[in-house]
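Worksheet for the structure shown next.
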Amino acid sequence: MTKTILFASALAGAVSLGAQQPPAQQPPAQPPAGPPPQQTEVTITIASTGGLPPKIAIAGFIPVTTDAETAAAAKAIGDVLWDDLNFEREFYMIAKDAAATVPRAASIDQLPIDRWKELGANGVIVGNVQRTGSGLIVRAKLVDVGSGRTAFGKEYSGSLDSIKVERARLYAHTIADEIHQQQRGLRGVARTKLAFSSDRAGERFKGPVADRGIKDIYIADYDGANVKRVTVSTTLNVAPAWSPDGQMLAYTSYLPGSFSVFQDVVVSMIYKGMRQTPAHGDPNRQNYLPAFSPDGSKIAFTSNRDGNPEIYVMNRDGGGMRRLTNNPAIDVTPTWSPAGTQIAFTSDRSGSPQIYIMNADGTGQQKITSESYCDRPTWSPAPFNEIAYASRAGGGYVIRVYNIENHESHTVSDNIGSNESPAFSPNGRHIAFTSSRNGRDQIFVIDRDGQNLRQITREGNNGYPNWSQ
C-alpha cells in the first residue's frame, strides 16, 4: 500500500487582508504542494458491462481508535468521498442507504464480497482511520468485486490537527482525485477551490458613496464547504482571479481616494498575509477585472488610464505594462486562452457588448458573437476549446458556450432568473456561475453539457466565482 504524507504539520499561513485581520477567522489551509505521488502496484481497472459506468459502493471508513474525533473524521471521509466521486459522473455511485444494508467489515481486509456482488457493485471502497501519538493515519482501498483483488491502495498520514472534520475532508478529496486519475484517466476537481465575492457578513459601508453593502473575497472547497474569508475591509472587493499555482488571488477593490473611492487591481498572497497593487491606480487611473496568464507571469486587466476603458497587460509585479486595445468603445473583462497566446474580452464597438478574441499582443482582434448582449467571457482549459459567456435572454441572462473550432454557440443554463459570470473548472467539465433563480445571487455549478445543476452557496449574496487550478 502506497504511503503519502498529506499533512506534515498544522499550517498557519495568514490571510491577505485589507485594513485588518478577521479576529475569529482561521486562515485558509495551505493546499498540498505538487501532484500526488504516482501509484506503482495498481494493475486492475474496475469495469462494468455494456460500456456503462462502473458501479462503486463505499463500505465506510472504520475508526481504529475509538475516540469521538476519530469516529467523526472517519464518517466525514466516507461521506465526502461519496460526494466527490459522484460529482464527476465517471462512476455510478451506489446509494448510501443501499450500501448500509451490507454488514460492516471488521477490517479493511475482510469485505463480504458476496454481499457486494448481490448489490451489483463492481468495486467497493473501504478504509480505516487511526489516531497515533503524533498524528493521523488514513488507509483507503478500492477492491474489484469480481476478482477480490485490490485495484487501489494507499496510506495517508498527517498531523493530529488533520483529525478536525474540515481538514479530514482533504483526505477524501485526495482519495477521490487519485482514484479518478488512476481508474479513469481524469483530473478530478475535489481538491480545487472556488473564490467568490460575498456580502454574507452583513456589514454596511457609509461614506462618500451611497450606503451599500460591503463585499469581501471568500474561498471555499469546490462544493461550497469549508468557507474562509480572505479580505476584511470597509468597501467592495469583487471579481477574484486565481493564480495558476493557487497561491495568489487578484481582484478588484474599491479603494479610498482623496474625495471618492476608485477601483484598483489588488494581488493578494493569501497564505502569506501580503498584498500588492501592481497597477498603481488612483481616481484618474482606475484598474479592474484582472486575469492571470496561464503561466502566472502576467495579468491582463481593464483600465481607463488613457481616458477610455481598454485592455492592458502587465507583469505580475506591475512592470512591462502594455495597452492591447485602442478603440473609442469600452473594452473589458479579459480572459486568457489555455496556451496564453490569445485573450477574449467584451467590447461594445459594434453597437452592443459582444465577445471578441485577439492575440496576446493585441493583434488580430475579431468578433465571435452576434447576439443581443454578451459579457464576462471565460476560456475553458484544454482539451476543450470553448469560451463560456453570459448572454441576454428576456429580462436576464443565460450561460452560453462558444466552440472555437466550429464557431457555434449553445445554451448551457436555463433562463430562470439571471445567470452570469461563468467560470470553468480546471478540467473543463463544469461551469460555476452566478444566478438569481432563487431570489438572491448565489453560485451554482453545472456540467458543460447542461446537466447536474448544483447550488454551491446559500448565505448572503454571492457572485463572481473563479475556479482554482
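Those letters in the sequence shown? Residues -5 to 463, by the numbering used here. Glycine included, C-beta positions come from ideal geometry on N, C-alpha and C.
1. Residue 149 and residue -4: beta carbons closer than 8 Å?
2. What does DSSP give as the partner residue(s) for residue 424 in the beta ladder?
3. Quick check: the Cα distance between residue 436 and residue 459, rounded to an integer number of angstroms?
4. So, residue 75 versus residue 166, is the Cβ gap smaller than 8 Å?
5. Can you tell me where the alpha helix (DSSP H) holding residue 446 begins and where it ends?
6. Taking the alpha carbon of residue 420 as the point to measure from, which residue in 430, 124, 332, 71 has its own alpha carbon closest?
7. Check residue 71 in the structure and name its three-state DSSP category.
8. Expressed to the nearest angstrom, what Euclidean distance is found between the alpha-carbon atoms of residue 388 and residue 431?
9. So what's residue 81 in DSSP terms, helix, strand or just coil?
10. Among the candidates 249, 339, 395, 101, whose CA atom is the shortest distance from the CA of residue 120?
11. Hey, quick one: how far does the beta strand (DSSP E) through residue 274 stretch, first residue to last?
12. Spatial neighbours of residue 194 within its chain, please: CB distance less than 6 Å, with the 5 preceding and 5 following residues excluded, ordered by chain position.
13. Among residues of its own chain, excluding the 5 on either side of residue 157, which ones have a beta-carbon nearer than 7 Å to its beta-carbon?
14. Secondary structure at residue 8, three-state DSSP: helix, strand or coil?
15. With a cut-off of 8 Å on the beta carbons, I'd call residue 105 and residue 123 a contact; round off their distance for me.
16. Using a 10 Å radius around the Cβ and a threshold of 16 neighbouring Cβ atoms, would you call residue 317 buried or exposed?
17. Return the chain-ordered list of same chain residues with a C-beta closer than 7 Å to the C-beta of residue 360, the five sequence neighbours on each side being excluded.
18. Are the region 70 to 86 and the region 163 to 180 touching, with three or more C-beta to C-beta distances below 8 Å?
19. By how many angstroms is the C-alpha of residue 281 removed from the C-alpha of residue 245?
20. Any idea which residues DSSP pairs residue 400 with across the strands?
21. Please state the DSSP three-state secondary structure of residue 333.
22. Measure the alpha-carbon distance for residue 109 versus residue 222 and round it to whole angstroms.
23. Can you find at least 3 beta carbon pairs, one from the region 285 to 293 and one from the region 234 to 243, that sit closer than 8 Å?
So, from the listed chains and residues:
1. Mapped onto the sequence shown, residue 149 falls at position 155. Mapped onto the sequence shown, residue -4 falls at position 2. In contact: residue 149 and residue -4 (Cβ atoms closer than 8 Å).
2. Residue mapping note: residue 424 aligns to position 430 of the sequence shown, counting from 1. Looking at the DSSP output, residue 424 shares a beta bridge with 441.
3. Sequence index remark: in the sequence shown, residue 436 carries index 442 (1-based). Sequence index remark: in the sequence shown, residue 459 carries index 465 (1-based). Their Cα atoms are separated by approximately 10 Å.
4. Taking the sequence shown and counting its residues from 1, one reaches residue 75 at position 81. Taking the sequence shown and counting its residues from 1, one reaches residue 166 at position 172. With contacts defined as CB atoms closer than 8 Å, residue 75 and residue 166 qualify as a contacting pair.
5. Counting from one through the sequence shown, the residue named residue 446 turns up at place 452. From DSSP, residue 446 is part of no alpha helix (DSSP H); its letter is neither H nor E.
6. As a first step, residue 420 is located in the sequence shown; it is residue number 426 there, counting from the start. Ranked by how close their Cα comes to the Cα of residue 420, the residues 430, 124, 332, 71 have 332 in first place.
7. Here residue 71 refers to the residue found at position 77 of the sequence shown. Here residue 71 carries a helix assignment [DSSP, helix/strand/coil].
8. As a first step, residue 388 is located in the sequence shown; it is residue number 394 there, counting from the start. As a first step, residue 431 is located in the sequence shown; it is residue number 437 there, counting from the start. Spanning the two alpha carbons is a distance of roughly 14 Å.
9. Residue 81 sits at position 87 when you count from the first residue of the sequence shown. In the three-state DSSP reduction, residue 81 falls in the helix class (H, G or I).
10. Taking the sequence shown and counting its residues from 1, the one referred to as residue 120 is at position 126. It is 101 whose Cα lies nearest to the Cα of residue 120.
11. For the purposes of this step, residue 274 is identified with residue 280 of the sequence shown, where counting begins at 1. For residue 274, there is no enclosing beta strand (DSSP E), as DSSP gives it neither H nor E.
12. Your numbering for residue 194 matches position 200 in the sequence shown. For residue 194, where only same-chain residues beyond five positions count, the Cβ hits under 6 Å are 453, 454.
13. The residue you call residue 157 lines up with position 163 of the sequence shown. For residue 157, where only same-chain residues beyond five positions count, the Cβ hits under 7 Å are 63, 64, 67, 125, 130.
14. Against the sequence shown, residue 8 aligns to sequence position 14. The predicted model places residue 8 with a pLDDT of 28, which falls under 50 and marks its position as unreliable, so this point remains unresolved.
15. Looking up residue 105 in the sequence shown gives position 111. Looking up residue 123 in the sequence shown gives position 129. That belief does not hold up - the Cβ atoms of residue 105 and residue 123 are roughly 17 Å apart, past 8 Å.
16. In the sequence shown, counting from the first residue as 1, residue 317 sits at position 323. By the Cβ neighbour-count rule, residue 317 is exposed, with fewer than 16 other Cβ atoms within 10 Å of its own.
17. In the sequence shown, residue 360 corresponds to position 366, counting from 1. Cβ-Cβ distances below 7 Å link residue 360 to 350, 351 in the same chain, with the five nearest sequence neighbours on each side left out; the list follows chain order.
18. Touching, per the Cβ criterion.
19. Residue mapping note: residue 245 aligns to position 251 of the sequence shown, counting from 1. Residue mapping note: residue 281 aligns to position 287 of the sequence shown, counting from 1. Spanning the two alpha carbons is a distance of roughly 10 Å.
20. Residue numbering aside, residue 400 sits at position 406 when the sequence shown is read from its first letter. Beta-bridge pairing links residue 400 to no other residue.
21. Position 339 of the sequence shown, counted from the start, is the residue given in the question as residue 333. Of the three classes helix, strand and coil, the one that applies to residue 333 here is coil, per DSSP.
22. Indexing the sequence shown from 1 puts residue 109 at position 115. Indexing the sequence shown from 1 puts residue 222 at position 228. Annotation: residue 109 to residue 222 spans about 42 Å, alpha carbon to alpha carbon.
23. The region 285 to 293 is in contact with the region 234 to 243.
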